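What follows is a short report on a single structure.
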Amino acid sequence: MDKDKIVLTLTSKKFQTIGILISIGFVVLNIFQLSILDEVIDKNYDLKRGILVSTMIFFGLLACIGIATMIYNKKNNNIR
Numbered sequence: 018m019d020k021d022k023i024v025l026t027l028t029s030k031k032f033q034t035i036g037i038l039i040s041i042g043f044v045v046l047n048i049f050q051l052s053i054l055d056e057v058i059d060k061n062y063d064l065k066r067g068i069l070v071s072t073m074i075f076f077g078l079l080a081c082i083g084i085a086t087m088i089y090n091k092k093n094n095n096i097r
């Protein structure tokens, strides 16, 4: 496969949209898992809560970066 074709595929609007939706999906999944986490039953409650919150922040930032990139590309007409 040609390098230019790979770059065009990875920077396409469809690919960016899929990445944003996956990131938002992981944030929603982490919120759901955080809501069912029980402090009384679970021995590693603090560790699991920390992991869920940090991954939620990470994927939330990825989604924000993706949205900002799409807005920037649309503003400069760089979207393919």
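All residue numbers for the sequence shown refer to this note's numbering, where the first residue is 18 and numbers rise by one. Note that the Cβ used here is the ideal one computed from N, Cα and C, for glycine as well. If you're wondering where the values come from, they're calculated on a predicted model, not measured in any experiment.
Note to self: Tell me the DSSP secondary structure of N93 in three-state form.
What the structure shows: If DSSP states are grouped into helix, strand and coil, N93 belongs with coil.
Check: Does the distance from the C-beta atom of M73 to that of I35 stay below 8 Å?
Finding: no
Next item on the list: Given a cut-off of 8 Å, decide if F76 and S40 are closer than it, judged by their beta-carbon atoms.
Entry: Yes, the pair counts as a contact, with Cβ atoms nearer than the cut-off.
Check: Shortest alpha-carbon distance to A85 belongs to which of Q33, L25 and T26?
Finding: Distances from the alpha-carbon of A85 to those of Q33, L25 and T26 put Q33 closest.
Next item on the list: Round the Cβ separation of Y62 and L69 to the nearest angstrom and send it over; I've been treating them as touching at under 8 Å.
Entry: Actually they are not in contact, since the Cβ atoms of Y62 and L69 sit about 11 Å apart, beyond 8 Å.
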